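Residue numbers (this note's numbering): 1270 to 1329. Quick reminder that beta carbons are idealized off the backbone N, C-alpha and C, glycines included. If you're wondering where the values come from, they're calculated on a predicted model, not measured in any experiment.
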């Protein structure tokens, strides 16, 4: 693993719990987005490859 990759992973790991807490109630107000995330998660789990991507999201 490169130093850049390790640093990037560490920075995401450092804020993951805070991010999850901050946005934990966002999807219930957006049923279509919740359905898409659920289907995506099911497909990822079925494939067995739990590494996907880190992508910027949005709020609102």
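query, result
"Can you give me the Cβ contacts of residue 1290 inside the same chain, cut-off strictly under 7 Å, excluding the 5 residues immediately before and after it?", "none"
"Would you mind reading off the limits of the alpha helix (DSSP H) that contains residue 1232?", "This structure gives no information on residue 1232, because the portion of the chain shown stretches from 1270 to 1329."
"Helix, strand or coil: which one does DSSP assign to residue 1286?", "helix"
"Give me, in chain order, the residues of the same chain whose beta-carbon lies closer than 7 Å to that of residue 1329; leave out the 5 immediate sequence neighbours on both sides.", "Note that residue 1329 has pLDDT 49, beneath the 50 cutoff, so the model's placement of it is unreliable and no number is given."
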